[in-house]
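*Asks:*
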Amino acid sequence: METDKITGQIENIKGILPILSPEAITALNEYVSFLLEKEKKHSVFVERLLEIEGSSDYLEFENPKELMDAIVNWKE
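For what it's worth, numbering that gives the first Met the number 0 labels the leading residue of the sequence shown as 0, then goes sequentially.
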């Protein structure tokens with residue numbers, strides 16, 4: 000029951016908020032904003048990666064050396 004665990008954690012946070020100092024609330028707000036932005040960037044990254052994987056316009060290499068050889072020997 001992951002949902003129950005999350006709900007409990009949310010309730011725990013709600014209970015802690017009233018006893019935090021204004022400075023701690025400000026710091027917490029900044030941290031939560033940072034986490035939200037990080038989550039958004041990750042979602043965009045995953046969506047883009049899935050688009051690329053669904054396309055035939057990309058190359059796969061077995062190792063970094065193979066990639067570097069392809070770059071060095073690239074001809075347009």
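Virtual Cβ for every residue (Gly too), placed ideally from N, Cα, C.
So Leu-35 is in the alpha helix (DSSP H); what residue range does that whole segment cover?
*Replies:* Counting from 1 along the sequence shown, the entry for residue 35 is found at position 36. Bounds of the alpha helix (DSSP H) holding Leu-35 are 21–53.
*Asks:* For a test of the three-state rule: what should DSSP assign to Lys-4, helix, strand or coil?
*Replies:* Residue numbering aside, residue 4 sits at position 5 when the sequence shown is read from its first letter. In the structure shown, Lys-4 sits in a helix (DSSP, three-state: H, G or I).
*Asks:* Mind checking which residues open and close the alpha helix (DSSP H) that includes Ile-70?
*Replies:* The sequence position of residue 70 within the sequence shown is 71, counting from 1. Taken as a continuous stretch (DSSP letters only), the alpha helix (DSSP H) holding Ile-70 covers 63–71.
*Asks:* With the cut-off set at 8 Å, would you say Leu-19 and Leu-27 are in Cβ contact?
*Replies:* Here residue 19 corresponds to residue number 20 of the sequence shown, with the count starting at 1. Here residue 27 corresponds to residue number 28 of the sequence shown, with the count starting at 1. Cβ atoms of Leu-19 and Leu-27: closer than 8 Å.
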